[in-house]
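Report on one structure; see the data block that follows.
Protein chains: 2
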Amino acid sequence: MRKPRLMTPGPAMVPEDVLLELARPVIHHRSAEAKDVIVEVAAGLKEVFRTENDVMILTASGTGAMEAAAVNTVPPGGKAMVLNAGHFAARWSSICKAFGINVVSVDFEWGQPVDPDRVAAALKEHPDTVAVFGTLSETSTGTGHPVEAIGKVVAGTDAIFVVDGISGIGAMECRTDDWGIDVLCAGSQKALMLPPGLAFVSVSPKAWKKIDAFDSHSYYFSLKSARSKMKEFDTPYTPAHTLILALRTALRRIKDEGLENVWKRHQRMSEACQAGIQALGLELFSSRPAEGLTAFRVPNGLKDAQIRNKLTEQFGITTVGGQAKLKGHIVRIGHMGYTDELDVISTLAALEMTLAELGLDVEPGRAVTAAQQVLMGQLAGARA
Amino acid sequence: MRKPRLMTPGPAMVPEDVLLELARPVIHHRSAEAKDVIVEVAAGLKEVFRTENDVMILTASGTGAMEAAAVNTVPPGGKAMVLNAGHFAARWSSICKAFGINVVSVDFEWGQPVDPDRVAAALKEHPDTVAVFGTLSETSTGTGHPVEAIGKVVAGTDAIFVVDGISGIGAMECRTDDWGIDVLCAGSQKALMLPPGLAFVSVSPKAWKKIDAFDSHSYYFSLKSARSKMKEFDTPYTPAHTLILALRTALRRIKDEGLENVWKRHQRMSEACQAGIQALGLELFSSRPAEGLTAFRVPNGLKDAQIRNKLTEQFGITTVGGQAKLKGHIVRIGHMGYTDELDVISTLAALEMTLAELGLDVEPGRAVTAAQQVLMGQLAGARA
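Line order of the protein sequences matches chains A and B.
Residue 63 in numbering that gives the first Met the number 0 sits at position 64 of the first sequence; the count goes up by one each step and never skips.
Residue 156 in numbering that gives the first Met the number 0 sits at position 157 of the second sequence; the count goes up by one each step and never skips.
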């Protein structure tokens, strides 16, 4: 028997009580019962987003929320600035280009955080920028970007700040309103502890002004339609409402734990994982790691598939490799949502054994011990 | 106790074994296991669509498949012909207009079938039509359109034939390739016996030529991206893959029953329901009823909400009213997917009691008996 542990940066593991909600008989999506569910999740999403803005629910992958955020805010021929520091940031550019939006790409080295000063300089050079597209947690590199600082820069301009928070929301601190995020996108299958299929978008009054100023090339992803339906706690089309029902249970879990405690748990998992990885002499890929995943460089002489396949075959652990130009160069361990500190320790233990079996000079136990020391230190700090 | 019976034309009831699949722990969507599932459902969808074309899987409501079908095939400024005979046919026009496509609307009375001769005449008048947008089962009126005959007309032109089969596929005969359907859209929450959240699109070689001829304003719904991923039994973005897993079970049920038997079951339910409604002196709304639902006019002196609320409160049966200009004028009973003849009889029995209690001059038992006679006749015919 190999017990499956889905240590991937989305889809991530789903709590058992959330899964069971999905097995309930389907109800009608316009019934009073279905509306009550949306009333509750609408409030819960606002709390998780830390926003007073409405959070709209889309039946789509996270990329659908990104498309909605782009096509509704920037008219064809308008200027979008993309803070490009990874595979998913680059997706902003691809979406914009498909819809005839002009893209100014401000490029950063993959694995490095976006530098707010360079954003300020680029915005001075391009004062006609309609929207700045950034990322909270770049899943392809495992980097957390300084969204609060970037938000301050953008807030001082006419541009709006649009953030892909798909692998970050619920895993790391993000305060939509306080940080000046005008449009925030999230997906269901990451730290929100659901299977994939739902996406979420919040929109600030500043962003609504941009949206209301033109007729966008959007129908299914029209945020105007979504807004008018959300006022009645409804959606424009038949939503994936068994997932919405399950979302209610997932949001109740976050409320019970406390969002700030959820963030702290992810911080502990993240720091413990980083310490373990480094204790094995491995190199972290990112200079500013995100809280929901840890990426490390594949050690010389090994292939990422050797490591990942052995982790799966021998220990039931699923991880992912690199994407695009990072293919073959990194391994990414997800620790978001329904994941705890002992899942991280188990993964490190399995990684130690795997690397040793693959002939790497590692001392089994070192990563686990390093992670334990981080956790014990943090727990002692919390008690003090 | 009121046992819930979801007699709506989508979302429809979901078999228990399909629901239980949804409660299984989430796996990674790029794993070998997930790919095996897509291989099987890809074949199953082709069978249900009666097509050799690839059927692509989108994470969206059915409307998302309609948007994909429209924006990928007709360039901005190109001409689309919409066969407009109901609320959902009109959605084709709304989608096209949002993307700058010119719409020629060929209008038919709601509740009446599309007349293929008028389509032929309109295509002669508009030989530059890129695509004709039609409907297999118009959910808003309960009408089945003569798709086979329309397909013959369109096949003789340069235009492609795009069909919304969302509430028809799996409920009524539809032979994509034999009938000249170039693009067929379906949704998960109707006769395919799943919760909402997935949509499906098949594309013929004639349609691919139109699609490959220009760069469409689509990213999330790019059929070119979907095609290239489908070749590897994959999807461009993280799909709602717990629904795909459940789809496998639903498709196996259809295969076990036999698609033609599934169509016949829907025919029996449809004819039995129509006979019952008429036996009560009620008027069917459509002159050519679809097999997946039955719509009847609200009898004079009553409001549709009185009937529907009583059905729910007293008997646990959910039905729907009219949409758009039919609001308040009709009641629609769904009988698609995981629904059998006795569900229809139960609904008719409840309707008789409901109408009698509301003061209508109905004789309880008449609708049920009329339905039984239809069923007994059909079953005897099948045995002969």
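Glycine included, C-beta positions come from ideal geometry on N, C-alpha and C.
Distance CB(residue i)-CB(residue j) smaller than 7 Å
i                 : j                 : result
Ala130 of chain B : Ala158 of chain B : yes
Leu193 of chain B : Ser201 of chain B : no
Val113 of chain B : Val81 of chain B  : no
Ser218 of chain A : Ala97 of chain B  : Residue identity check: residue 218 of chain A is Tyr in the sequence provided, not Ser. Yes, Cβ-Cβ distance for Tyr218 of chain A and Ala97 of chain B is below 7 Å.
Ile149 of chain A : Gly61 of chain A  : no
Val152 of chain B : Leu135 of chain B : no
Ala366 of chain A : Leu347 of chain A : yes
Ala271 of chain A : Val343 of chain A : yes
Met335 of chain B : Gly291 of chain B : yes
Leu310 of chain A : Thr353 of chain A : yes
Gly333 of chain B : Pro10 of chain B  : no
Gly196 of chain B : Gly196 of chain A : yes
Ala79 of chain A  : Val105 of chain A : no
Gln322 of chain B : His86 of chain B  : yes
Gly99 of chain A  : Pro75 of chain A  : yes
Arg247 of chain A : Val17 of chain A  : no
Leu183 of chain B : Phe48 of chain B  : yes
Leu244 of chain A : Glu20 of chain A  : yes
Ala289 of chain B : Ile316 of chain B : no
Leu279 of chain A : Val361 of chain A : yes
Gly141 of chain B : Arg331 of chain B : yes
Ala33 of chain B  : Thr58 of chain A  : no
Ala274 of chain A : Ala381 of chain A : no
Where residue i meets chain A, residues with beta-carbon distance less than 9 Å
i                : result
Ile94 of chain B : Tyr218, Tyr219
Neighbouring residues, chain B, relative to residue i (Cβ below 7 Å)
i                 : result
Gln305 of chain A : The contacting residues do not exist; Gln305 of chain A stays about 16 Å from chain B at best.
Gln188 of chain A : Thr237
Contacts of residue i in chain A (Cβ-Cβ under 7 Å)
i                : result
Val25 of chain B : Leu5, Pro10, Met12, Val13, Pro194
Proximal residues of chain A, C-beta to C-beta of residue i below 8 Å
i                : result
Gly61 of chain B : Tyr236, Thr237
His28 of chain B : Pro10, Pro195
Selection from the options that minimises the alpha carbon distance to residue i
i                 : options                                : result
Leu341 of chain B : B:Lys78, B:Ala379, B:His265            : B:His265
Leu242 of chain B : B:Thr7, B:Pro8, B:Val13                : B:Val13
Asp53 of chain B  : B:Phe107, B:Lys254, B:Asp176, B:Gly291 : B:Asp176
Leu325 of chain B : B:Ser285, B:Leu18, B:Asp360, B:Glu259  : B:Ser285
Ile168 of chain A : A:Lys230, A:Glu46, A:Arg365            : A:Glu46
Ala67 of chain B  : B:Ala185, B:Arg365, B:Arg117, B:Gly9   : B:Ala185
Pro238 of chain A : A:Leu250, A:Glu259, A:Phe199           : A:Phe199
Asn71 of chain A  : A:Leu246, A:Thr234, A:Ile210           : A:Ile210
Asn299 of chain B : B:Ile329, B:Gly291, B:Gly315           : B:Ile329
Ile399 of chain B : B:Ala154, B:Gly143, B:Asp181, B:His240 : Only positions 0 to 383 of chain B appear in the structure, and residue 399 of chain B is not among them; the question remains open.
Ala390 of chain A : A:Ala278, A:Phe107, A:Ile253           : Residue 390 of chain A is absent from the structure shown; chain A starts at 0 and stops at 383.
Arg251 of chain B : B:Ala33, B:Gly43, B:Leu5               : B:Gly43
Ala154 of chain A : A:Pro115, A:His144, A:Gly141           : A:Pro115
Ile180 of chain A : A:Gly133, A:Thr140, A:Gly275           : A:Gly133
Glu137 of chain A : A:Asp360, A:Thr368, A:Tyr337, A:Arg287 : A:Arg287
Leu301 of chain B : B:Met171, B:Met6, B:Glu356, B:Gln371   : B:Glu356
Thr0 of chain B   : B:Glu312, B:Val25, B:Ala381            : This sequence places Met at residue 0 of chain B; Thr is not what is there. Selected option, being the one with the closest Cα: B:Glu312.
Interface residues of chain B facing residue i [CB-CB closer than 8 Å]
i                 : result
Thr241 of chain A : Leu21, Pro194, Pro195, Gly196
Cross-chain neighbours of residue i in chain B, by beta carbon under 9 Å
i                : result
Phe98 of chain A : His216, Ser217, Tyr218
Leu18 of chain A : Leu21, Ala22, Arg23, Pro24, Val25, Thr241
* Run through the stretch 282-339 of chain B for me and flag every whole beta strand (DSSP E) of 3 or more residues, listed as ranges in chain order. => 292-296, 329-333
* Tell me the start and end of each unbroken alpha helix (DSSP H) in the stretch 66-114 of chain B that is at least 4 residues and wholly inside, in chain order. => 86-97
* Given a limit of 8 Å on CB to CB distance, which residues of the stretch 31-62 of chain A reach chain B? -> Thr58, Ala59, Ser60, Gly61, Thr62
* Enumerated in chain order, which unbroken segments of the beta strand (DSSP E) with a length of 3 residues or greater are wholly contained in the stretch 127-158 of chain B? -> 128-134
* In chain order, what residues of the stretch 311-324 of chain A put their CB closer than 8 Å to some CB of chain B? -> Thr317, Val319
* Between the stretch 167-184 of chain A and chain B, which residues of the former have a C-beta closer than 8 Å to a C-beta of the latter? -> none
* Asked: Which residues, taken in chain order from the stretch 63-92 of chain A, show a beta carbon closer than 7 Å to some beta carbon of chain C?
  -> In the displayed structure, chain C is absent; the protein chains listed are A and B.
* Which runs of the alpha helix (DSSP H) spanning at least 4 residues fall entirely within the stretch 29-67 of chain B, listed in chain order? -> 31-48
* Can you give, in chain order, each stretch of the beta strand (DSSP E) that sits fully within the stretch 180-237 of chain A and has at least 3 residues? -> 182-186, 197-202
* Asked: For the stretch 240-281 of chain B, which segments carrying the beta strand (DSSP E) assignment without a break, of at least 3 residues, lie completely within its bounds, in sequence order?
  -> none
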